[in-house]
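As structure tokens, the structure follows; a few thoughts come after it.
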Amino acid sequence: MKNKIPWISFLPLVLILFQFFTGCAILGPITDPAMNEKARHLTAYVKSQNQDIKSSKGTGWIELDTKTQKEKLKIAWAASGPNKLRITFLVSGHPVETIVATGKKVTFISHAGRHKPHTIASNNPDLKKFIHVPVKLSEMIAILLGHIPLQEFDHAMFESMETQPSTIVLKKNWKSSVQKIHMNKNGQIQRILSLDSKGAPAYDITYLDYRFLGLNNIPVALKIQDSLGRKIHITLTRFIPNPPLKESIFKLTESGS
Numbered sequence: 006m007k008n009k010i011p012w013i014s015f016l017p018l019v020l021i022l023f024q025f026f027t028g029c030a031i032l033g034p035i036t037d038p039a040m041n042e043k044a045r046h047l048t049a050y051v052k053s054q055n056q057d058i059k060s061s062k063g064t065g066w067i068e069l070d071t072k073t074q075k076e077k078l079k080i081a082w083a084a085s086g087p088n089k090l091r092i093t094f095l096v097s098g099h100p101v102e103t104i105v106a107t108g109k110k111v112t113f114i115s116h117a118g119r120h121k122p123h124t125i126a127s128n129n130p131d132l133k134k135f136i137h138v139p140v141k142l143s144e145m146i147a148i149l150l151g152h153i154p155l156q157e158f159d160h161a162m163f164e165s166m167e168t169q170p171s172t173i174v175l176k177k178n179w180k181s182s183v184q185k186i187h188m189n190k191n192g193q194i195q196r197i198l199s200l201d202s203k204g205a206p207a208y209d210i211t212y213l214d215y216r217f218l219g220l221n222n223i224p225v226a227l228k229i230q231d232s233l234g235r236k237i238h239i240t241l242t243r244f245i246p247n248p249p250l251k252e253s254i255f256k257l258t259e260s261g262s
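Offset between the sequence shown (1-based) and this note's numbering: plus 5.
Shown next, in the form of structure tokens:
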């Protein structure tokens, strides 16, 4: 008769493997809890910047570069967080496209006859079809409010355990997609890298210039680029924080404009 090995003999190994795989699935590499807490506090501080700005209006420029097409458009906008926007794109002073977001739906209007007006029943659609990079409406509004568009996160950790780490990784429970925040030694955001569900780069935002407006330090020039090299430059030349905005601004008129 063969000797039977009690199943309980394998219990320590099973427990070790369980801890290893579950730990990696949720948090990734083991890091210093104190440093993780520091990363969380620093990220919360970054996300809180300019949050006193609830609405804005202004003008600026947007430059599209898809490798096959280059276009420079003037923009005029009015925005109210988190999901109301009216932005018009102009060429030589003439409107060519308007996007109106009411908070429940988004309508795209071509003043140049490029397409018929069409509406998306969503409060946060992807704008890739229009601006060629996979940016959400809420992220565009955050940029126009002077906010830093960070995703909701459960875990924050420094990518490096150096004495002065400059990159923070954000992650949601049970999701592989992450966002990486790159900062300079003064704690100012230089770049945000967003990864897709497979961990591959989706797009990144590079901050090129800031301008103080009272106590607020507003990002006024930035570049958004996707993994294929398609990019847009956004420059805010006139920025008015918290202006009085009528609700009618975010509604279409009978003429559809």
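Backbone N, C-alpha and C define an ideal beta-carbon position, used for all residues, glycine too.
Among the options, nearest to residue i - alpha-carbon criterion
i, options, result
"residue 250", "59, 235, 110", "59"
"residue 225", "195, 147, 213, 53", "213"
"residue 62", "88, 150, 94, 78", "150"
"residue 165", "146, 187, 138, 137", "187"
"residue 215", "78, 55, 41", "55"
"residue 79", "184, 193, 101", "101"
"residue 143", "204, 131, 116", "131"
"residue 154", "136, 227, 123", "227"
"residue 209", "88, 37, 183", "183"
"residue 189", "40, 115, 218, 211", "211"
"residue 50", "256, 152, 235", "152"
"residue 41", "163, 118, 64, 171", "163"
"residue 119", "256, 195, 194, 135", "135"
Beta-carbon spacing of residue i, residue j below 8 Å
i, j, result
"residue 173", "residue 71", "no"
"residue 129", "residue 141", "yes"
"residue 95", "residue 82", "no"
"residue 230", "residue 111", "no"
"residue 232", "residue 248", "no"
"residue 198", "residue 185", "yes"
"residue 246", "residue 200", "no"
"residue 146", "residue 86", "yes"
"residue 64", "residue 243", "yes"
Burial state of residue i (16 or more Cβ within 10 Å)
i, result
"residue 99", "exposed"
"residue 253", "exposed"
"residue 121", "exposed"
"residue 104", "buried"
"residue 57", "exposed"
"residue 220", "exposed"
"residue 88", "buried"
"residue 126", "exposed"
"residue 117", "exposed"
"residue 202", "exposed"
"residue 84", "buried"
"residue 235", "buried"
Under the three-state DSSP convention, the category residue i falls into
i, result
"residue 222", "strand"
"residue 43", "helix"
"residue 205", "coil"
"residue 28", "Only weak support exists for where residue 28 lies, its pLDDT of 41 falling under 50; the coordinates are left without a value."
"residue 247", "coil"
"residue 239", "strand"
"residue 158", "coil"
"residue 146", "helix"
"residue 73", "coil"
"residue 87", "coil"
"residue 100", "strand"
"residue 58", "coil"
"residue 68", "strand"
Within-8 Å CB hit, residue i to chain D
i, result
"residue 120", "The chain inventory of the structure shown lacks chain D, comprising one protein chain alone."
Taking one C-beta from the region 229 to 246 and one from the region 54 to 68 each time, how about it: are there three or more such pairs within less than 8 Å?
Using a Cβ-Cβ distance cut-off of 8 Å, the region 229 to 246 and the region 54 to 68 are in contact, since at least three pairs of beta carbons, one from each stretch, lie closer than that value.
Pairing CB atoms from the region 38 to 55 with CB atoms from the region 148 to 168, are three or more of them under 8 Å?
The region 38 to 55 vs the region 148 to 168: in contact.
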